[in-house]
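Per UniProt numbering, residue 1 is the first one in the sequence shown, and the count goes up by one each step.
Every residue, glycine too, gets a C-beta built ideally from N, C-alpha and C.
Scroll down for the structure; my scribbles are underneath it.
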Amino acid sequence: MPPATLARLEQYTACDISDALLKLKVPGAGFIADLNPYSTKSGKDADTLTIAPVSTILFAAKGEALSEPQPNVPKDTHWSDATEPGTFVVMKQPSGQTNAICGGIMALRMKMRDAKGIIVAGRVRDVQELKSTNLPILAHGLSTVGSGGGSVPWAMQVPLDINGVTVSPGDIAFQDPVNGVVIIPKDKVDQVLEMLPNLIAADDKVKQDVLKGMSVYDAFKLHRGT
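Here it is as structure tokens:
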């Protein structure tokens, strides 16, 4: 991601990004719902945004062969050893499973491979070890059971469907420690950045008029056109 693009994105919040994606009719406005933070950045960086390109890993239920995508995890290599440097790793687990697909050793290896963060649409374990990475690590839940209890890595760098939100390799993960995680489709980044200044300006005018006593309905109609 060009440094200039990153610098422009850093001016906004996840809510701002979703407002733009909603206007662009991106499903779910890019929001990955119901994530819990199990590790965060520490010290002076604790409240800073993490913005990075996405890499993906799809897991399958143990003993199940998915019809698509085709399996592509390298043989004789642990999937964490194949982490794409500089990416926000997004992982998806089969629904309904109670084991974890990411634990302390895997998170440590991903950090050593220069992952910028980890999102697990599923379960994680080894919370203290996750915290020791100082990476933003978010997941839908916890387990004490390792991935061998029910999950196997199936495919890497493939699109994932997470509750209706499509997450593809090369998309931009925008992790806001206050407001949540939004995925910006890679082909929408320029449009989002083009729209945001006007959206923010309109909202500022709405707030100013509401403070003066105007109704939200009228303020929205005047400044947002809705």
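Leaving out the 5 sequence neighbours to the left and right, which residues in its chain are closer than 8 Å to residue i when beta-carbon positions are compared?
i: residue 46; result: 40 and 177
i: residue 1; result: 51, 52, 53 and 172
i: residue 24; result: 188, 191, 192 and 195
i: residue 38; result: 124, 127, 130, 131, 137, 138, 139 and 142
i: residue 218; result: 209
Is it right to say residue i is buried, meaning 16 or more other beta carbons lie within 10 angstroms of its own, or is it exposed?
i: residue 105; result: exposed
i: residue 85; result: exposed
i: residue 94; result: buried
i: residue 81; result: exposed
i: residue 77; result: exposed
i: residue 130; result: buried
Name the one or two DSSP bridge partners that residue i has.
i: residue 59; result: 153
i: residue 67; result: DSSP lists no partner for residue 67.
i: residue 37; result: 138
i: residue 161; result: 166
i: residue 50; result: 175
Round the Cβ separation of residue i and residue j to the nearest angstrom and send it over; I've been treating them as touching at under 8 Å.
i: residue 135; j: residue 121; result: Actually they do not touch by this definition, with Cβ atoms about 17 Å apart.
i: residue 100; j: residue 137; result: Not quite, the Cβ-Cβ distance comes to about 12 Å (not below 8 Å), so this is no contact.
i: residue 181; j: residue 32; result: 5 Å
i: residue 224; j: residue 206; result: 7 Å
i: residue 92; j: residue 59; result: 6 Å
i: residue 184; j: residue 21; result: 7 Å
i: residue 119; j: residue 35; result: 7 Å
i: residue 155; j: residue 70; result: 7 Å
i: residue 17; j: residue 220; result: Going by Cβ atoms, the distance from residue 17 to residue 220 rounds to 20 Å, so no, they are not a contact pair.
i: residue 160; j: residue 89; result: Their Cβ separation, rounded to whole angstroms, is 11 Å, which puts residue 160 and residue 89 out of contact at 8 Å.
Once you ignore the five residues that flank residue i on each side, which residues in its own chain have a CB closer than 7 Å to its CB?
i: residue 144; result: 125
i: residue 62; result: 150, 151 and 152
i: residue 87; result: 52, 53, 54, 55, 115 and 116
i: residue 233; result: Residue 233 lies beyond the range of the chain shown here (1 to 226); nothing can be said about it.
i: residue 74; result: 82
i: residue 48; result: 41
i: residue 133; result: 39, 107, 108 and 111
Could you name the residues of the same chain whose beta carbon sits closer than 6 Å to that of residue i, not counting the 5 residues immediately before and after it, in chain order?
i: residue 141; result: 123
i: residue 19; result: 199
Within the stretch 72 to 152, ranges of the alpha helix (DSSP H) (whole runs, at least 4 residues) | Taken in chain order, the complete alpha helix (DSSP H) segments of 4 residues or longer contained in the stretch 72 to 152 are 104 to 112 and 127 to 132.
Output the residue ranges of the beta strand (DSSP E) runs that lie fully inside the stretch 177 to 210 and measure 3 residues or longer, sorted by chain position.
-> Segments of the beta strand (DSSP E) lying fully in the stretch 177 to 210: 180 to 184.
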